[in-house]
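Undergrad: Numbering (the numbering used here), first residue to last: 217 to 279.
If you scroll down you'll find the structure; I have some questions about it.
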């Protein structure tokens, strides 16, 4: 889905495209409702979880 950027928070991404939830869960981001998901960017979360941000962005864009 266009419009999703790695600078957006996970909360913003879920609000913009709820179909991204399974992609994020499959990638290993299991605390989508935790306070950090409202404050840190997708890129920061990917780094913390050891996830390749470019691969994750491609997967999100595909939904």
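Glycine included, C-beta positions come from ideal geometry on N, C-alpha and C.
My guess is that residue 269 and residue 245 are in contact by the Cβ rule of under 8 Å, so how many angstroms apart are they, rounded?
TA: Along the chain shown, one-based indexing puts residue 269 at 53. Along the chain shown, one-based indexing puts residue 245 at 29. That pair is no contact at about 12 Å.
Undergrad: Mind checking who residue 253 pairs with in its DSSP beta bridge?
TA: The sequence position of residue 253 within the chain shown is 37, counting from 1. Answer by DSSP bridge pairing: none, since residue 253 is not bridged.
Undergrad: How many angstroms separate the CA atom of residue 279 from the CA atom of residue 236?
TA: The sequence position of residue 279 within the chain shown is 63, counting from 1. The sequence position of residue 236 within the chain shown is 20, counting from 1. Approximately 7 Å between the Cα atoms of the pair.
Undergrad: With 16 as the cutoff for other CB atoms within 10 Å, does residue 272 come out buried or exposed?
TA: By 1-based counting over the chain shown, the position of residue 272 is 56. Buried, by the Cβ-count rule.
Undergrad: Kindly list the residues whose CB is nearer than 6 Å to the CB of residue 275, restricted to its own chain and excluding five residues on each side of it in sequence; keep chain order.
TA: For the purposes of this step, residue 275 is identified with residue 59 of the chain shown, where counting begins at 1. Counting only Cβ-Cβ distances below 6 Å, and skipping sequence neighbours, we find 239.
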